[in-house]
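Before any comments, here is the structure.
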Amino acid sequence: MGKIDNLDRKILNIVMNNARIPSKDVAGECGVSRAAIHQRLQRMVELNVITGSSYNVNPKLLGYRTCTFIGVNLERGAMYRNVVPELEKIPEIVECHYTTGPYTMLIKLFARDNEHLMELLNGKIQNIPGVSGTETLISLDHSIHRNIPIDTE
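Residue numbers (this note's numbering): 21 to 173.
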């Protein structure tokens, strides 16, 4: 990976807090030209320091009121590579992690309500070949959502 210097870190801190901030405003805060900001952002994209650009959508306002974490156990951990493509077919699943600890995988999904959650669990997730069990944890509140801190020293 290429070097990330203090100016890159300062730029990251600014754009992580407001991805829609105009380059001229970032340039003003950093004391460099807009072209320099554009070049550095492009380089960080190419280095995969910046991965993607998207809007955060409020699932509740779209009718998905139940946020759930599901611990998934597999018959064998090696089945992970076969199970992930099946989970990708379920659009309500927004994250999937291969983990250590009591579960082989931990997934995060949004359901409209408990009935929808039950359909996803019983009708889809638990029917995937290799899935041997699940444990469901419903999120009652989402208190913290932030990016990793970027040190500028």
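The beta-carbon is built from N, C-alpha and C at its ideal position, and this holds for glycine as well. Quantities reported herein were computed from a predicted structural model and do not represent experimental measurements.
C-alpha of Leu107 to C-alpha of Ala98: approximately 15 angstroms in a straight line. Only residues of its own chain outside the window of five on either side were considered, and among them Lys128, Leu129 and Phe130 have a CB closer than 7 angstroms to the CB of Val114, listed in chain order. Below 8 angstroms, enough C-beta pairs join the segment 148–160 and the segment 82–97 to call them touching: three or more. Counting of Cβ neighbours within 10 angstroms places Glu112 among the buried residues, the total reaching 16 or more. By the C-beta density criterion, Leu32 is buried, having at least 16 other C-beta atoms within 10 angstroms. Our two residues, Leu160 and Glu95, have alpha carbons roughly 30 angstroms apart in a direct line. Taking C-beta separations shorter than 7 angstroms and ignoring five residues to either side along the sequence, the partners of Cys116 in its chain run Val104, Leu107, Met125 and Ile127, following chain order. In the DSSP annotation of this structure, the continuous segment of the beta strand (DSSP E) that includes His117 starts and ends at Ile113 to Tyr118. Here Leu27 really is in contact with Arg60; their C-beta atoms are around 7 angstroms apart, less than 8 angstroms.
For Lys128, the three-state secondary structure derived from DSSP is strand. At a Cβ-Cβ threshold of 8 angstroms, Arg63 and Ile170 do not count as neighbours.
In the same chain as Met36, and ignoring 5 residues on each side of it, the C-beta atoms closer than 6 angstroms to its own belong to Asn167, in chain order. When rounded, the separation of the alpha-carbon atoms in Arg132 and Ile164 is 22 angstroms.
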